[in-house]
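Numbering (the numbering used here), first residue to last: 3 to 64.
The structure appears below as structure tokens.
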């Protein structure tokens, strides 16, 4: 089942916002350092993979 289509410009804006949030999170994790940042770093990498997949799917749908 396909989701209700949204305005492509709105989706593009959401992707850009997500990228900025991931970049901010990455900087914060670097400031925290190890070992506390280790689990956060793993989660960040998982989020980046999800973000790239969503971005690819969006681009393919255009």
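Yeah, the Cβ is synthetic: ideal placement off N, Cα and C, and Gly gets one too.
query	result
To the nearest angstrom, how far is it from the Cα of residue 32 to the Cα of residue 61?	30 Å
On the three-state DSSP scale, how would you describe residue 36?	coil
Among 28, 63, 37, which one has its Cα closest to the Cα of residue 49?	28
Am I right that residue 24 and residue 47 are in contact with their C-beta atoms under 8 Å? What's the rounded C-beta distance?	Not really, about 10 Å apart at Cβ, beyond 8 Å.
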